[in-house]
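Enquirer: Numbering (my numbering), first residue to last: 10 to 308.
1. Going by beta-carbon coordinates alone, are residue 153 and residue 179 separated by less than 8 Å?
2. Taking the Cβ atom as the reference point for each residue, do residue 250 and residue 205 lie within a distance shorter than 8 Å?
3. Ordered along the chain, which non-local residues of its own chain (more than five positions away) have a Cβ less than 7 Å from that of residue 158?
4. Would you kindly work out how many angstroms separate the C-alpha atoms of residue 51 and residue 245, rounded to a whole number?
5. Using CA coordinates, which residue listed in 240, 228 and 242 is at the minimum distance from residue 255?
6. Taking the alpha helix (DSSP H) that residue 125 belongs to, which residues open and close that run?
7. The beta strand (DSSP E) that contains residue 58, what's its start and end?
8. Smallest Cα separation from residue 41: which of 76, 90, 301 and 74?
9. Taking the runs of the beta strand (DSSP E) that are 3 residues or longer, which of them lie wholly in the stretch 194-276?
10. Return yes when the Cβ of residue 127 is within less than 8 Å of the Cβ of residue 167, no when it is not.
11. Return the bridge partner residues of residue 187 from the DSSP annotation.
12. Starting from the Cα of residue 133, find the closest Cα among 144, 199 and 65 and give me that residue.
13. According to the Cβ coordinates, are residue 257 and residue 234 closer than 8 Å?
14. Just to confirm, is the Cβ distance from residue 183 to residue 147 under 8 Å?
15. With respect to the beta strand (DSSP E) encompassing residue 97, which residues constitute its N-terminal and C-terminal limits?
16. Is it right to say residue 218 is buried, meaning 16 or more other beta carbons lie within 10 angstroms of its own, or is it exposed?
17. To the nearest angstrom, how far is it from the Cα of residue 300 to the Cα of residue 216?
18. Using the Cβ count rule (16 or more neighbours within 10 Å means buried), how would you classify residue 70?
19. What three-state label does DSSP hand residue 142 in the structure shown?
20. Under 8 Å by Cβ, that's how I've got residue 60 and residue 82 pegged, so tell me the actual separation to the nearest angstrom.
21. Pop quiz: residue 75 and residue 165 are said to be a contact at Cβ under 8 Å. What is the actual Cβ separation, rounded to whole angstroms?
22. What three-state label does DSSP hand residue 149 in the structure shown?
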């Protein structure tokens, strides 16, 4: 984790709110205990925890100078082995020299999806370099969860890749694509790619969107809009974006429910409560398990 990231307002706020204090040798074990306790206080059967690959240069070598956050696949593999409710979400930058070999290693280790954040990991999903990567994902039937829309929690290196339409080459090659945040903006005034995502969700059978961070003021408009479009609502998967803060959309919920949500200290549980009140149906809560090919009935 870079010094720039440690000093950023979002990370300082999260550390304070989670009671982690300054980053040190015991932070990872503290966060692990907090994560497990948080999951156990919800009705979720399991939660996908993501690795986060770094930035790679044009030759495919790791670029530590521009890498602000790096969580190895091995770390999450070990975490999933220790805790049965944690599922392994792999992360492999498509520009790295050994990208295909790393996909294969992650699949063998039990990965349930591939996680990307192109804005931060500094690559273009529509780049021809990604084609072999997509072919490998399709071969192994490993879904791709890729960030779409704005991003404020991590430093942006390539803001022009926020458009979900850049993932169409993956869909055309048979990859199941989950557009994280459904293309919504992360800040007022940013371009909102929600309309583009909604068209893709209707045009491509294997295009889905997750609702991670949609309980934030700049993104919450997306839930109301998508729930009014049955064809789009049927393509939504549950995501919390924990430990990102979850806030009730006050203009939509009653005052009683808004206060009740704000008094719920477990942000993951709060996120679930809000979405239940907003009208997400039973199929929504089980859809991720189906897409990730989990046992029937899992939430």
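Yeah, the Cβ is synthetic: ideal placement off N, Cα and C, and Gly gets one too. These numbers come from a predicted model, not from an experiment.
Expert: Let me lay it out:
1. Walking along the chain shown from the start, residue 153 turns up at place 144. Walking along the chain shown from the start, residue 179 turns up at place 170. The beta carbons of residue 153 and residue 179 sit closer together than 8 Å.
2. Along the chain shown, one-based indexing puts residue 250 at 241. Along the chain shown, one-based indexing puts residue 205 at 196. In this structure, residue 205 does not lie closer than 8 Å to residue 250 by Cβ.
3. The residue labelled residue 158 in the question sits at position 149 within the chain shown. Hits under 7 Å: 171, 190, 192, 193, 194, 195 and 202.
4. Here residue 51 corresponds to residue number 42 of the chain shown, with the count starting at 1. Here residue 245 corresponds to residue number 236 of the chain shown, with the count starting at 1. Each residue's alpha carbon lies about 20 Å from the other.
5. In the chain shown, the residue the question calls residue 255 occupies position 246. Nearest in C-alpha terms to residue 255, of all of 240, 228 and 242, is 228.
6. Locating residue 125 in the chain shown gives position 116, where the first residue counts as 1. Premise fails: residue 125 lies in the beta strand (DSSP E), 122-125, not in any alpha helix (DSSP H).
7. Residue 58 sits at position 49 when you count from the first residue of the chain shown. Per DSSP, the continuous beta strand (DSSP E) segment holding residue 58 begins and ends at 56-59.
8. For the purposes of this step, residue 41 is taken as the residue at position 32 of the chain shown. Ranked by how close their Cα comes to the Cα of residue 41, the residues 76, 90, 301 and 74 have 90 in first place.
9. Within the stretch 194-276, the complete beta strand (DSSP E) runs of at least 3 residues are 216-219.
10. Position 158 of the chain shown holds residue 167. Position 118 of the chain shown holds residue 127. Contact: yes.
11. Locating residue 187 in the chain shown gives position 178, where the first residue counts as 1. Residue 187 has 154 and 217 as its beta-bridge partners, per DSSP.
12. Within the chain shown, residue 133 is the residue found at index 124, counting from 1. Of 144, 199 and 65, the residue nearest in Cα terms is 65.
13. For the purposes of this step, residue 257 is taken as the residue at position 248 of the chain shown. For the purposes of this step, residue 234 is taken as the residue at position 225 of the chain shown. No, the Cβ-Cβ distance between residue 257 and residue 234 is not below 8 Å.
14. Taking the first residue of the chain shown as position 1, residue 183 is located at position 174. Taking the first residue of the chain shown as position 1, residue 147 is located at position 138. In this structure, residue 183 lies near residue 147, with their beta-carbon atoms less than 8 Å apart.
15. Here residue 97 corresponds to residue number 88 of the chain shown, with the count starting at 1. Start and end: 95-99.
16. Here residue 218 refers to the residue found at position 209 of the chain shown. Looking at its Cβ environment, which holds 16 or more other Cβ atoms inside 10 Å, residue 218 is buried.
17. For the purposes of this step, residue 300 is taken as residue 291 along the chain shown, with counting starting at 1. For the purposes of this step, residue 216 is taken as residue 207 along the chain shown, with counting starting at 1. Computed Cα separation, rounded: 10 Å.
18. As a position in the chain shown, residue 70 is number 61, starting the count at 1. Residue burial is scored here from C-beta neighbours: residue 70 has fewer than 16 other C-beta atoms within 10 angstroms and is therefore classed as exposed.
19. Along the chain shown, read from residue 1 onward, the residue named residue 142 stands at position 133. Secondary structure of residue 142 (DSSP, three-state): helix.
20. Taking the chain shown and counting its residues from 1, one reaches residue 60 at position 51. Taking the chain shown and counting its residues from 1, one reaches residue 82 at position 73. Right, the Cβ-Cβ distance comes to about 5 Å (below 8 Å), so this counts as a contact.
21. Here residue 75 corresponds to residue number 66 of the chain shown, with the count starting at 1. Here residue 165 corresponds to residue number 156 of the chain shown, with the count starting at 1. 11 Å between Cβ atoms; not a contact.
22. Translated into the one-based positions of the chain shown, residue 149 becomes position 140. Note: residue 149 maps to helix in three-state DSSP.
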